[in-house]
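Q:
Numbering (my numbering), first residue to last: 640 to 933.
Structure below.
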């Protein structure tokens, strides 16, 4: 394949107070993106990391270092271009394909309206994708997205700058013939990048001696909502408060806000910044930091 592609570099200016992706029993892998956010053109002026003249079918990032987290709740995608009418299909695959490539069938998938992605691209926001059921990572896995090839449709994922993808490169693509190739092969060694795809992954269980630690809070960073999931039971005497960076209480609720073991907390009225979730139970008080990005 020709390698005469160009690039533009883009900076995401809408976030503040970025902290490590780890929050309690969950982690956001690959976040923040290491290096310079970029969007590379293919030789014919389309997108190396998205829709292009080669009719690539999918793009994905490989993950093999995530212990002790195993429950893949979803992911955060940073798209650079989106247009058209075809819905966006996001997937997580195991590595049971030929020579450790993505398996024939995804472990979990989620379809997102293209209008959502277009709006996120317009506002330079991340796209949050939460699976209906967690996927279990029993070994290395891939997270990625189908690339549309219908006339009028365009989709591309951002990456860091070439040379910042690590050794070996962990960005992959599925060609029109269905075969998967590492970017280092597909682009002749000239495009070694990490894709801006950030899996949200949690521990399978919490610590049994402390109800407040048997909880997953995701995604982090959060945008319009955040999930508080106690996995297998609600602790007694549950009270939850959300505090801003100077200690003011901005939201509070109790067990009645939970549907089963999980509550989805709306953040539409919350500004960007660093926040603290304080969980009170009969046994303990537990604090978790989150970042909200608008």
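All C-beta atoms in this analysis are idealised placements derived from N, C-alpha and C, irrespective of residue type, glycine included.
#1: Relative to the alpha-carbon of residue 807, which residue among 901, 745, 824, 769 has its alpha-carbon at the smallest distance?
#2: Comparing alpha-carbon positions, which option in 675, 860, 718, 697 lies nearest residue 743?
#3: Please name the residue in 758, 853, 771, 864 whose C-alpha comes closest to that of residue 910.
#4: Are at least three pairs of beta-carbons, each pair with one atom in the region 885-904 and one in the region 721-741, less than 8 angstroms apart?
#5: With DSSP collapsed to three states, give me the class of residue 785.
#6: Take residue 878 as the anchor and find which of 922, 884, 695 has the nearest alpha-carbon.
#7: Give me, in chain order, the residues of the same chain whose beta-carbon lies closer than 6 angstroms to that of residue 690; leave out the 5 immediate sequence neighbours on both sides.
#8: For the beta strand (DSSP E) holding residue 750, just list the boundary residues, first then last.
#9: Could you spell out where the beta strand (DSSP E) holding residue 910 opens and where it closes?
#10: With a 10 Å radius around its C-beta and 16 neighbouring C-beta atoms as the bar for buried, classify residue 777 as buried or exposed.
#11: Nearest to residue 875 by alpha carbon, out of 751, 679, 736, 924?
#12: Would you kindly work out how many angstroms separate the C-alpha atoms of residue 791 and residue 888, rounded to a whole number?
A: If we stick to the structure as given:
#1: Ranking the options by Cα distance to residue 807, first place goes to 824.
#2: Per the Cα distances, 697.
#3: 864
#4: no
#5: strand
#6: Out of 922, 884, 695, 922 has the C-alpha closest to the C-alpha of residue 878.
#7: 786, 793, 794
#8: 747-751
#9: Neither: residue 910 is in no beta strand (DSSP E) and is coded neither H nor E.
#10: exposed
#11: 924
#12: 47 angstroms
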